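**Student:** Please see the structure below; I have some questions.
Protein chains: 2
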Amino acid sequence: MDINGPVESTVIEERPGRRRLPPQERRQQIIDGAVAFFAEVGFDGKTRDLAKRLGVTQSLLFNYFATKDELIEAVYEQVYLNRLAPDWPDRLTDRSTPLRDRLLAFYTEYSTLIFQYEWMRIFMSSGLSGAELNRRYLKHLGDVILRPLLGEIEFAARSGGTPTMEDIWNLHGGIVYIGIRQHIYRTPCPDDPSVAITRAVDRFLLAFGVEQG
Amino acid sequence: MDINGPVESTVIEERPGRRRLPPQERRQQIIDGAVAFFAEVGFDGKTRDLAKRLGVTQSLLFNYFATKDELIEAVYEQVYLNRLAPDWPDRLTDRSTPLRDRLLAFYTEYSTLIFQYEWMRIFMSSGLSGAELNRRYLKHLGDVILRPLLGEIEFAARSGGTPTMEDIWNLHGGIVYIGIRQHIYRTPCPDDPSVAITRAVDRFLLAFGVEQG
DNA sequence: AGATTTATAGATCATTTGCTCAATAAGATT
DNA sequence: AATCTTATTGAGCAAATGATCTATAAATCT
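Protein chains in written order, with the numbering used here: chain H, 21 to 233; chain D, 21 to 233.
See the structure below:
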C-alpha cells in the first residue's frame, strides 16, 4: 500500500515506531485523544492507558503537560470552547421571525451540538467533580440565552400569564435530559430528538398563549 | 496537651481508640459512611480516606468487605433500595381522585426523595461509570410509573391529542433537572421546588386538555 | 553526507493504593 | 478475676501511578 523507504516493499504500516510530529500538532493530538479518553473513563483514567491509546509513551504526555491536572485543564478548554455560538442571543431576540421558529431553530442546533458523547460526559464528569467551569457555563447560558428567552416569551405571551426563570429552566432541562439519558445513562432514546423537542416547545408556548405556526 | 497515663480525670472523649462494635452494626456504619463518602468524592475515593473519616483502620474495611468493589455494591444496594415506593403505581392509577392531584402528589413525594445529595450524586456517578443498576432503575421507573402515567393522561385527555412516551420522559426530565442543577452542578436553585413542579405539571396537562383543579 | 536540534522512548523513582496477616485488646463468659 | 472469643489494629506487600531524567533517533540545516 504505502511505500516508505527505498527498499521496503512489504507492509509495515502498523506500529509506526517513532513518529516525530511538530509540537503544536502532537499537542493537539494528545488533547483530542484525552477528550475522548476522559469522556469514556472519567478523569481518574490513567495516563498510561491514555498514552497506549494514542500509540505514544506515557512520558511523552508529561513533555507537553507538566501535570495530569494541566492536561485536564486543556481538555476542559478544548471542550468548553465555542460551545455557545455568539450569534444565538441576536437570533433568539430577532422579532422579525416568529418566536416558535426561533426557539425551534435554537434547540435544534443546540441539541445537535451538545447531544454528543464527549460533551455530555465531560460536562457531567466535571460537574460532579465540582469544576468551576460548569457553573460559569450555566450562568453564561442563563444570562445570554435563557434570560433573553424569558423576555421574548413575556413579550409574545397572549394569555396564561408569563413564565418565570424557573419555567425556562424547566423547558431547558426537559430537553437536555434527552442527552443525559442517551449518553450518561445509555438508555433507549429516540434517534432524532427533534420531534420530542418540537412537542416540548409547543407545549411550553401553548401554556403562555404564544402564537404557534 | 494530652495526658495519657493512668492519672487522667479530664475529658478524653475524643479518639475512642478502639471501639468494639457488633459486626452487624459496624458493617452498617461503614456502609453509611461509604455512601456519604463516595457521593462526595466519587467511586475513585480512596479506602484510606474513607477509613479515616469513619475513625477506623483501613484494614477494618476489608474485614467486612472482601474488595472495594464489594463495598461499592453494598453502597448501591443501600442507596437504590426502596427508592420507589411500591404503592405509587396504585395511587397514580386511582381514578377516584383527579389526575392532577395524583401527579402532584407523586412528584412532590418523589422529588423530596430523590433531590438529596447522596442519591443524586451516586445515581449520576454510577450512571457515568456504566452501572447496570442505573438502566434497571430507569427501566423500572418507566414500566411501573411513567408508562401507567401515560395511560392515565390518555384516558383523561379531552383535546390536543394524547402524549407519547417521549413526552412523559420530557415532563419527568424537566423536573429531575432541578435536582441535577442543585446537587451535581451546584447552581442556584429554588429552595422549594414544588411550585416549579406544579407549574410544569399544569403546563403538561393543559397541552392535552386534562381538567385542572 | 555529516552535523545539529529536539521530539520521543525507556528506564526508573517515590507515592499511592488495594489488600493481607499476625498481634492485640475490648467485651462477653465463666 | 481469669479466660475466651473475635473485632480491631498496625505493619507491610505487590502492583499501580504520576512524574523525572537520560539516551536515542527522526527531521532539519549546512
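Idealized CB from N, CA, C, for every residue including glycine.
Everything numeric in this text was worked out from a predicted model, so none of it was measured.
(1) According to DSSP, is Arg223/D helix, strand or coil?
(2) Can you tell me the Cα-Cα spacing of Gly147/D and Tyr205/H, whole angstroms?
(3) Per DSSP, what kind of secondary structure is Thr218/H in: helix, strand or coil?
(4) Could you tell me whether the Cβ atoms of Ile198/D and Ala227/D are closer together than 8 Å?
(5) Between the stretch 59-92 of chain H and chain D, which residues of the former have CB atoms less than 7 Å from a CB of the latter, in chain order?
(6) Tell me whether Glu33/H is buried or exposed, calling it buried when 16 or more other Cβ atoms sit within 10 Å of its Cβ.
(7) With distance defined between alpha-carbon atoms, name the residue in Pro118/D, Gly150/D, Ala56/D and Pro106/D nearest to Val99/D.
(8) Determine the direct distance from the alpha carbon of Gln232/H to that of Ser179/H, and round the result to whole angstroms.
(9) Which chain D residues are close to Pro109/H, counting only those with a beta carbon under 9 Å from its beta carbon?
(10) Answer yes or no: does any C-beta atom of chain D fall closer than 8 Å to that of Glu28/H?
(11) Give the single residue among Leu123/H, Val221/H, Ile188/H and Arg46/H whose Cα lies nearest to the Cα of Thr77/H.
(12) If you follow the alpha helix (DSSP H) that Asn190/H is in, where does it begin and where does it stop?
(13) Quick one: which chain D residues come within Cβ less than 8 Å of Ser145/H?
(14) Taking Val221/H and Arg122/H to be in contact with their CB atoms under 8 Å, please state how far apart those CB atoms are, rounded to whole angstroms.
(15) With C-beta atoms as the reference, is Ile142/D less than 8 Å away from Ala71/D?
(16) Touching or not, the stretch 161-175 of chain D and the stretch 164-178 of chain H, by the rule of three or more beta carbon pairs under 8 Å?
(17) Can you have a look at Arg40/H and say buried or exposed, based on whether 16 or more other CB atoms are within 10 angstroms of its CB?
(18) What residues from chain H crowd round Glu186/D, counting only those whose CB sits closer than 7 Å?
(19) List the endpoints of the continuous alpha helix (DSSP H) containing Val250/D.
(20) Going along chain D in order, which residues have a C-beta closer than 9 Å to the C-beta of Phe126/H?
(21) I want to know whether the stretch 187-198 of chain D touches the stretch 175-193 of chain H - three or more CB-CB distances under 8 Å.
(22) Starting from the beta carbon of Gly193/D, find every residue of chain H whose beta carbon is closer than 9 Å, and list them in chain order.
(23) Can you give me the C-alpha to C-alpha distance between Gly150/D and Arg115/H, rounded to a whole angstrom?
(24) Helix or strand or just coil, what does DSSP make of Val95/H?
(25) Of the residues Trp108/H, Thr184/H, Glu138/H and Trp139/H, which one's Cα is nearest the Cα of Tyr127/H?
(26) Give the single residue among Thr182/D, Arg68/D, Asn83/D and Ala54/D whose Cα lies nearest to the Cα of Tyr96/D.
(27) Does Pro109/H come out as helix, strand or coil in the three-state DSSP assignment?
(28) Going along the chain, which residues of its own chain have a beta-carbon closer than 6 Å to the beta-carbon of Pro213/H, five neighbours each way excluded?
(29) Using 10 angstroms around the beta-carbon of Val62/D, count the other beta-carbons present and answer buried if the total reaches 16, otherwise exposed.
(30) My output table needs one value for Pro89/D: the three-state DSSP class, helix, strand or coil.
(31) Going by CA-CA distance only, name the one from Leu153/H, Pro118/H, Asp64/H and Thr87/H that's closest to Leu225/H.
(32) According to the neighbour-count rule (16 or more other Cβ atoms, all chains shown, within 10 Å of its Cβ), is His203/D buried or exposed?
(33) Please classify Gly194/H as buried or exposed, where buried requires at least 16 neighbouring CB atoms within 10 angstroms.
(34) Among the residues of its own chain, which have a CB less than 7 Å from the CB of Leu153/D, if the five just before and after it don't count?
**Tutor:** The answer reads as follows:
(1) The residue you call residue 223/D lines up with position 203 of the second sequence. Looking at Arg223/D - three-state DSSP - the assignment turns out to be helix.
(2) Residue mapping note: residue 147/D aligns to position 127 of the second sequence, counting from 1. Residue mapping note: residue 205/H aligns to position 185 of the first sequence, counting from 1. Taking the straight line joining both Cα atoms gives about 5 Å.
(3) Residue 218/H sits at position 198 when you count from the first residue of the first sequence. In this structure, Thr218/H counts as helix in the three-state DSSP scheme.
(4) As a first step, residue 198/D must be located in the second sequence, where it is residue number 178. As a first step, residue 227/D must be located in the second sequence, where it is residue number 207. No, the pair does not count as a contact, with Cβ atoms beyond the cut-off.
(5) Gly62 and Asp64
(6) If you number the first sequence from 1, residue 33/H lands on position 13. Low confidence applies here, because Glu33/H scores a pLDDT of 42, under 50, leaving its location unreliable and the question unanswered by this model.
(7) Along the second sequence, one-based indexing puts residue 99/D at 79. Selected option, being the one with the closest Cα: Ala56/D.
(8) By one-based count along the first sequence, residue 179/H stands at place 159. By one-based count along the first sequence, residue 232/H stands at place 212. If I take the Cα positions, the gap works out to 13 Å.
(9) In the first sequence, residue 109/H corresponds to position 89, counting from 1. Simply none; closest approach about 20 Å.
(10) Taking the first sequence and counting its residues from 1, one reaches residue 28/H at position 8. Since pLDDT at Glu28/H reaches only 34, below the 50 mark, its modelled position is unreliable, and the value read off the structure follows with that caveat. Not an interface residue.
(11) Position 57 of the first sequence holds residue 77/H. Out of Leu123/H, Val221/H, Ile188/H and Arg46/H, Arg46/H has the C-alpha closest to the C-alpha of Thr77/H.
(12) Taking the first residue of the first sequence as 1, we reach residue 190/H at position 170. It spans Met185 to Gly199 - the alpha helix (DSSP H) in which Asn190/H sits, taken as one unbroken run.
(13) Start at 1 with the first residue of the first sequence, and residue 145/H comes out as number 125. Under the 8 Å cutoff, chain D gives Leu148.
(14) As a first step, residue 221/H is located in the first sequence; it is residue number 201 there, counting from the start. As a first step, residue 122/H is located in the first sequence; it is residue number 102 there, counting from the start. 10 Å between Cβ atoms; not a contact.
(15) The residue given as residue 142/D occupies position 122 in the second sequence. The residue given as residue 71/D occupies position 51 in the second sequence. Result no, Cβ atoms of Ile142/D and Ala71/D do not sit closer than 8 Å.
(16) no
(17) Walking along the first sequence from the start, residue 40/H turns up at place 20. Exposed is the call here.
(18) Counting from 1 along the second sequence, the entry for residue 186/D is found at position 166. Those within 7 Å of Glu186/D in chain H are Pro210 and Ala216.
(19) Any question about residue 250/D goes unanswered here, given that chain D covers just 21 to 233.
(20) In the first sequence, counting from the first residue as 1, residue 126/H sits at position 106. The contacting residues do not exist; Phe126/H stays about 17 Å from chain D at best.
(21) yes
(22) As a first step, residue 193/D must be located in the second sequence, where it is residue number 173. Near Gly193/D (Cβ distances below 9 Å), the residues of chain H are Gly193, Gly194, Ile195, Val196, Tyr197, Ile198, Ile200 and Arg201.
(23) Counted from its first residue, the second sequence places residue 150/D at position 130. Counted from its first residue, the first sequence places residue 115/H at position 95. Each residue's Cα considered, the two are about 44 Å apart.
(24) Counting from one through the first sequence, the residue named residue 95/H turns up at place 75. Residue state, collapsed to three classes: helix.
(25) The residue you call residue 127/H lines up with position 107 of the first sequence. The shortest C-alpha separation from Tyr127/H is found at Trp108/H.
(26) Looking up residue 96/D in the second sequence gives position 76. Among Thr182/D, Arg68/D, Asn83/D and Ala54/D, the Cα nearest to that of Tyr96/D belongs to Ala54/D.
(27) On the first sequence, residue 109/H is found 89 positions in, with the first residue counted as 1. Helix at Pro109/H.
(28) Here residue 213/H corresponds to residue number 193 of the first sequence, with the count starting at 1. So the qualifying residues of the chain are Ser131 and Ile198.
(29) As a first step, residue 62/D is located in the second sequence; it is residue number 42 there, counting from the start. Per the sequence presented here, residue 62/D reads as Gly, with Val not at that position. Buried, because 16 or more other Cβ atoms sit within 10 Å of the Cβ of Gly62/D.
(30) Position 69 of the second sequence, counted from the start, is the residue given in the question as residue 89/D. According to the sequence as given, residue 89/D is Asp; it is not Pro. Of the three classes helix, strand and coil, the one that applies to Asp89/D here is helix, per DSSP.
(31) Stepping through the first sequence from its first residue, residue 225/H is reached at position 205. When each option's Cα is compared against that of Leu225/H, the closest is Pro118/H.
(32) In the second sequence, counting from the first residue as 1, residue 203/D sits at position 183. By the 10 Å Cβ count, His203/D comes out buried.
(33) Start at 1 with the first residue of the first sequence, and residue 194/H comes out as number 174. That one is buried.
(34) Residue numbering aside, residue 153/D sits at position 133 when the second sequence is read from its first letter. Counting only Cβ-Cβ distances below 7 Å, and skipping sequence neighbours, we find Tyr96, Tyr100 and Ser146.
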